[in-house]
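Undergrad:
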Amino acid sequence: MVDLRTDSLSVQEKRLLLSPRVGGVILFSRNFTSVDSLTSLVSEIHALRHPRLLVAVDQEGGCVQRFRKGFTQLPAVQELGKIYDADSRRACELAEVTGWLMAAELRSVGIDFSFAPVLDLNLGVSRVIGERAFHKDPEIVAVLAMHYVRGMRSAGMQAVGKHFPGHGGVAVDSHIDMPVDTRSYRDLVMQDILPFHRLINQGIAGIMSAHVVYERIDKEVATYSSKWLHAVLRGQLDFKGAVFSDDLSMKAAACSDEYLVRTQKALQAGCDMVLICNENTQAAEVAEQLTNQDNPASQIRLARMHGGKDAIPNKDLRTRKAWQSAVLQVESYLDSSGSDLLI
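Each residue of the sequence shown is one higher than the one before, counting from 6 in my numbering.
(1) Return the chain-ordered list of same chain residues with a C-beta closer than 7 Å to the C-beta of C282, the five sequence neighbours on each side being excluded.
(2) Take the Cβ of T103 as the centre, count every other Cβ of all protein chains shown within 10 Å, and call the residue buried at 16 or more, exposed below.
(3) Could you pull out every residue in the same chain whose Cβ sits closer than 7 Å to the Cβ of G135, ignoring the five residues on either side in sequence?
(4) Could you compute how far the alpha carbon of S45 sits from the alpha carbon of T38?
(5) Output needed for D12: all residues of its chain with C-beta closer than 8 Å, excluding positions within five of it in sequence on either side, in chain order.
(6) Which residues bound the beta strand (DSSP E) around I352?
(7) Can you give me the C-alpha to C-alpha distance between L193 and M183, rounded to a whole angstrom?
(8) Nearest to A316 by CA position, among A108, S119 and S113, is which residue?
(9) Using DSSP with H/G/I as helix, E/B as strand and the rest coil, what is F120?
(10) Check this for me: beta carbons of Y264 and P80, under 7 Å apart or not?
(11) Let me know if I305 comes out buried or exposed under the rule of 16 or more other beta-carbons within 10 Å of its beta-carbon.
(12) Under 7 Å between the Cβ atoms of L234 and A176?
(13) Who are the Cβ neighbours of H152 in its own chain at under 6 Å, not counting the five residues just before and after it?
(14) Quick one, which of P318, V248, D90 and G174 has its alpha-carbon nearest M195's?
(15) Let me know the secondary structure DSSP gives G156 once reduced to three states.
(16) Checking 7 Å against the spacing of the C-beta atoms, do L280 and M6 come in under that value?
(17) Round the Cβ separation of V69 and R137 to the nearest angstrom and send it over; I've been treating them as touching at under 8 Å.
(18) On the three-state DSSP scale, how would you describe L347?
(19) L59 bridges to which residues according to DSSP?
(20) Report the residue from A327, V332 and Q294 whose alpha carbon sits nearest the alpha carbon of L21.
(21) For Y4, which beta-bridge partners are listed by DSSP?
(22) Take the Cβ of G434 as the centre, count every other Cβ of all protein chains shown within 10 Å, and call the residue buried at 16 or more, exposed below.
(23) Give the list of continuous beta strand (DSSP E) stretches no shorter than 3 residues that lie fully inside the region 36-104.
(24) For E49, which residues from the same chain have a beta carbon less than 7 Å from its beta carbon, with the 5 sequence-adjacent residues on both sides left out?
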């Protein structure tokens with residue numbers, strides 16, 4: 006999965022997207038200027054290939070929302086956790102509504118899925134996770150995430166839980182350094198892994214790996230660890246869906262200067278699709294050099310990530326009572342959160 010430089014496709018990018026080693030595109034804020042231009046861009050990407058390329062984005066809410074103007078501003082999901090502490094039923098209802106609204110708006114412009122929800126715990130340790138996590142309690146995270154995913158599915162979108170087996174217990178940001186988690190496997194199972202296990206039992210379609218070393222289990226970051234991805238995720242947890250790597254251009258993924266080596270290690274460890282972002286030249290080189298990676302099982306798992314065919318076009322979506330009601334409900338707790346998202 007690769008990224009694009011602007012809100013339109015260059016000749017070089019079209020050539021890259023036609024490579025059989027490229028299976029998807031992840032979009033960022035730089036790719037968005039308006040709802041109409043975004044719809045056109047996604048349509049152009051989908052028209053390039055058959056089966057069509059996957060198109061994804063990080064549209065979590067809070068500080069991680071790539072598309073804003075023309076989309077509903079989504080509160081950080083930690084607000085749902087705060088509401089849960091006072092009124093669990095209302096929090097679950099809002100989680101489902103929020104998941105539906107996020108997914109319905111993205112599907113209305115053709116995007117297949119969002120890398121959401123975050124299943125990490127807000128243990129007060131990781132600043133890069135922080136408000137992106139529902140709660141510190143793994144049981145509450147699991148409950149809210151299940152309702153959030155239910156809402157996504159009802160809008161025709163599959164979910165990707167992240168970052169397995171849990172990024173909330175390390176202070177270091179894996180974008181800029183190597184996080185090392187010193188906890189035991191037992192502690193991880195009782196805490197961080199629990200939400201992933203619950204969502205796997207509910208049939209979640211995708212999971213993203215963490216660029217974190219859990220040194221008491223394996224010396225490799227989870228993305229490059231067959232112990233984590235094969236033995237634990239596939240074996241013990243019986244996960245049948247697609248495994249995505251986090252971005253291989255992040256500092257914690259720099260096992261080699263060669264992106265081909267990084268890609269091969271992630272695929273061999275158990276990833277079905279790797280992300281290479283902000284490194285267009287490197288991505289093109291990997292697409293050209295990668296060999297012997299055809300995996301029919303991976304293709305089947307990734308095919309499930311395509312968006313549902315009954316998406317409502319954006320202009321029509323906004324006339325629907327379901328959308329209008331969802332916006333009012335989400336705005337009600339956005340306003341009460343004291344968030345500055347509208348700035």
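For glycine and all other residues, C-beta sits at the position ideal for the given N, C-alpha and C.
TA: Put simply:
(1) D8, I31, D252 and S254
(2) buried
(3) N127
(4) 11 Å
(5) R35, N36, F37, T38, S42, L43 and L46
(6) Because the chain is modelled from 6 through 348, residue 352 falls outside the range shown and cannot be assessed.
(7) 19 Å
(8) S113
(9) coil
(10) no
(11) exposed
(12) no
(13) C97, A100 and E101
(14) G174
(15) helix
(16) yes
(17) 6 Å
(18) Its pLDDT being 31, under 50, L347 is placed unreliably by the model, and the measurement read from it follows with that caveat. Three-state result, L347: coil.
(19) G29
(20) Q294
(21) Outside the modelled stretch of the chain, which goes from 6 to 348, sits residue 4, for which no answer is possible.
(22) What is shown of the chain runs 6 to 348, which leaves residue 434 out entirely.
(23) 59-62 and 64-66
(24) L14
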